[in-house]
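FYI, the numbering for the sequence shown is 348 to 619, going by this note's numbering. Where a beta carbon is used, it is the ideal one built from N, C-alpha and C, also for glycine. The structure presented is a predicted model; accordingly, all values stated were derived computationally and were not measured.
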Amino acid sequence: MADDMSPTQWELVGACVGIVAFAGLMSGLTLGLMSVSPLDLQLKLRVGTRREQRHARRIEPLVKRPHLLLVTLLLWNAAAMEALPLVLDQLVGKVAAVVLSISAVLLFGEIIPQAICSRYGMSVGAYAAPLVYALLALSSFIAWPLAKLLDVCLGGHEALMYKKRELRALVDIHETQQDGSMGPLNAEEARAMRGALHVSERTVVDVMTPLANVFSLPIDRPLDRATVDVLVARGHSRVPLHEPGDSTALRSMLVVKMLLLREPGDERPARD
Numbered sequence: 348m349a350d351d352m353s354p355t356q357w358e359l360v361g362a363c364v365g366i367v368a369f370a371g372l373m374s375g376l377t378l379g380l381m382s383v384s385p386l387d388l389q390l391k392l393r394v395g396t397r398r399e400q401r402h403a404r405r406i407e408p409l410v411k412r413p414h415l416l417l418v419t420l421l422l423w424n425a426a427a428m429e430a431l432p433l434v435l436d437q438l439v440g441k442v443a444a445v446v447l448s449i450s451a452v453l454l455f456g457e458i459i460p461q462a463i464c465s466r467y468g469m470s471v472g473a474y475a476a477p478l479v480y481a482l483l484a485l486s487s488f489i490a491w492p493l494a495k496l497l498d499v500c501l502g503g504h505e506a507l508m509y510k511k512r513e514l515r516a517l518v519d520i521h522e523t524q525q526d527g528s529m530g531p532l533n534a535e536e537a538r539a540m541r542g543a544l545h546v547s548e549r550t551v552v553d554v555m556t557p558l559a560n561v562f563s564l565p566i567d568r569p570l571d572r573a574t575v576d577v578l579v580a581r582g583h584s585r586v587p588l589h590e591p592g593d594s595t596a597l598r599s600m601l602v603v604k605m606l607l608l609r610e611p612g613d614e615r616p617a618r619d
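Listed below in structure tokens is the structure:
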């Protein structure tokens, strides 16, 4: 049957293949590029590999104008889908043209491209950026007014910034995976990050120790070997000194590291 096809028919077959491929690319780019947020781009530009940074720089101007990008891609995708049945109609009957058109568009124009671009959207978008810029220029007389209308009606896309509670949730997620395995953050790192995120919300009352629980020494206690052993066991860098017999009457503060300057056998009282 292939030998009976005329050059014109082969051209129509090639046109069908090209239209389906073009429609698939537009569909994939719609999903891939529209799912890239400004925050994703900033992360790739700052901490991504050289390849990821190069791709992010290529698509950054496109992603910054999401409505114009969306209208352009959908416009050309719709044009391709409308053109496919018209070309197929010249090769097969009308019913067969509709069936083949729906099947080709669904499989090769939607499912496969979107499956690929949902995972590699930034890379595909970077390589297809020159084509997208050309399509933007060709359809600007239609796409630009529609995009401006969307900007007016829906507003611009603001860069996503996580709230502190969301950042804390991200830390929790990265500490422990869904399957219970250890994440990229260990327990100490996660605890330190959560503490830093809580700093601005804490007051003195939240971190103070009740006076009844404060470890202190009488101000006249000699700093003998037994006292030094107690200080080492406690591990405090500073110890309050109180009046003898009244632990609530704090008078001074002992800086434990200053004990390193003592002469051996020096058992002066803590006040000295």
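Length of the line joining the Cα atoms of D567 and P531: Stepping through the sequence shown from its first residue, residue 567 is reached at position 220. Stepping through the sequence shown from its first residue, residue 531 is reached at position 184. Taking the straight line joining both Cα atoms gives about 51 angstroms.
Rounded C-alpha distance that separates V442 from G472: In the sequence shown, the residue the question calls residue 442 occupies position 95. In the sequence shown, the residue the question calls residue 472 occupies position 125. Rounded to the nearest angstrom, the two C-alpha atoms are 35 angstroms apart.
**OP:** Note down, in chain order, each residue of its chain lying with its Cβ closer than 6 angstroms to the Cβ of P616, except the 5 sequence neighbours on either side.
**Re:** Residue 616 sits at position 269 when you count from the first residue of the sequence shown. Result list for P616: D567 and P569, in chain order.
Please report the straight-line C-alpha distance between P477 and S547, rounded to a whole angstrom. Taking the first residue of the sequence shown as 1, we reach residue 477 at position 130. Taking the first residue of the sequence shown as 1, we reach residue 547 at position 200. Cα to Cα, P477 sits roughly 46 angstroms from S547.
So S599 is in the beta strand (DSSP E); what residue range does that whole segment cover?
Mapped onto the sequence shown, residue 599 falls at position 252. First-last of the beta strand (DSSP E) with S599: D593 to V602.
Q.
I'd like to check one pair, A427 with V367: are the Cβ atoms closer than 9 angstroms?
A. For the purposes of this step, residue 367 is taken as residue 20 along the sequence shown, with counting starting at 1. For the purposes of this step, residue 427 is taken as residue 80 along the sequence shown, with counting starting at 1. Yes, the Cβ-Cβ distance between V367 and A427 is below 9 angstroms.
Look at the alpha carbon of H402 and the alpha carbon of W491, and state the distance between them as a whole number of angstroms.
The count along the sequence shown starts at 1 and reaches residue 402 at position 55. The count along the sequence shown starts at 1 and reaches residue 491 at position 144. In a straight line, the C-alpha of H402 is about 25 angstroms away from that of W491.
How should F488 be labelled, buried or exposed, when 16 other C-beta atoms within 10 angstroms of its C-beta is the threshold for buried?
Position 141 of the sequence shown holds residue 488. Classification for F488: exposed.
Next on the checklist: On a Cα-Cα basis, can you pick out the residue from R549, D593, V575 and D571 that is closest to V561?
Outcome noted: Here the question's residue 561 lines up with position 214 in the sequence shown. The shortest C-alpha separation from V561 is found at D593.
Using 9 angstroms as the threshold, is the C-beta distance between G502 and V383 below it?
Here residue 502 is taken as the residue at index 155 of the sequence shown, counted from 1. Here residue 383 is taken as the residue at index 36 of the sequence shown, counted from 1. Going by C-beta atoms, G502 is not nearer than 9 angstroms to V383.
For the alpha helix (DSSP H) that contains H545, what are its first and last residues?
-> Within the sequence shown, residue 545 is the residue found at index 198, counting from 1. Looking at the DSSP string, the run of the alpha helix (DSSP H) that includes H545 is A534 to H545.
Original post:
How would you label A349, buried or exposed, when you count the other beta carbons within 10 angstroms and need 16 or more for buried?
Top reply: Within the sequence shown, residue 349 is the residue found at index 2, counting from 1. In this prediction, A349 has a pLDDT of 45, which is less than 50 and means its spatial position is unreliable; what the coordinates show is noted afterwards. When all chains shown are included, A349 counts as exposed.
Just checking, does the stretch 407 to 416 make contact with the stretch 447 to 460 on the three C-beta pairs under 8 angstroms criterion? no
Let me know the secondary structure DSSP gives T377 once reduced to three states. As a first step, residue 377 must be located in the sequence shown, where it is residue number 30. Residue state, collapsed to three classes: helix.
> On the three-state DSSP scale, how would you describe H589?
Replying inline: Position 242 of the sequence shown, counting from 1, holds the residue named residue 589. H589 falls in the strand class under three-state DSSP.
Query raised in the report: Is M348 helix, strand or coil when you go by DSSP?
Result: Walking along the sequence shown from the start, residue 348 turns up at place 1. Caution is warranted here: a pLDDT of 42 is assigned to M348, below 50, making its placement in the model unreliable, and no coordinate value can be reported.
With H, G and I counted as helix, E and B as strand and the rest as coil, what does DSSP make of P385? On the sequence shown, residue 385 is found 38 positions in, with the first residue counted as 1. Note: P385 maps to helix in three-state DSSP.
Exercise. Please work out which residues of its chain come closer than 7 angstroms, Cβ to Cβ, to L578, disregarding the five sequence neighbours upstream and downstream, and give them in chain order.
Key: Your numbering for residue 578 matches position 231 in the sequence shown. If we look at L578 and ignore the five residues flanking it on each side, its Cβ neighbours are V586 and V603.
If I measure Cβ to Cβ from R466 and keep anything under 6 angstroms in the same chain, skipping five residues before and after, which residues do I get?
Looking up residue 466 in the sequence shown gives position 119. None.
_Reduced DSSP category for T556 - H, G, I as helix; E, B as strand; rest coil_ = One-based indexing of the sequence shown puts residue 556 at position 209. Reduced to three states, the DSSP call for T556 is coil.
task = Output yes or no for whether 9 angstroms exceeds the beta carbon distance between L420 and L482.
result = Translated into positions along the sequence shown, residue 420 becomes position 73. Translated into positions along the sequence shown, residue 482 becomes position 135. A contact, by the Cβ cut-off of 9 angstroms.
Assigned exposure category for K391 - 16 Cβ within 10 Å defines buried
Here the question's residue 391 lines up with position 44 in the sequence shown. By the neighbour-count rule (16 or more Cβ atoms within 10 Å), K391 is buried.
If you drop the 5 nearest sequence neighbours on each side, which residues of the same chain put their C-beta closer than 7 angstroms to that of L558? As a first step, residue 558 is located in the sequence shown; it is residue number 211 there, counting from the start. Contacts found: T595.
### Query
Pick from R538, A362 and L507: whose alpha carbon is nearest that of D436?
Translated into the one-based positions of the sequence shown, residue 436 becomes position 89. For the residues R538, A362 and L507, the minimum Cα distance to D436 belongs to A362.
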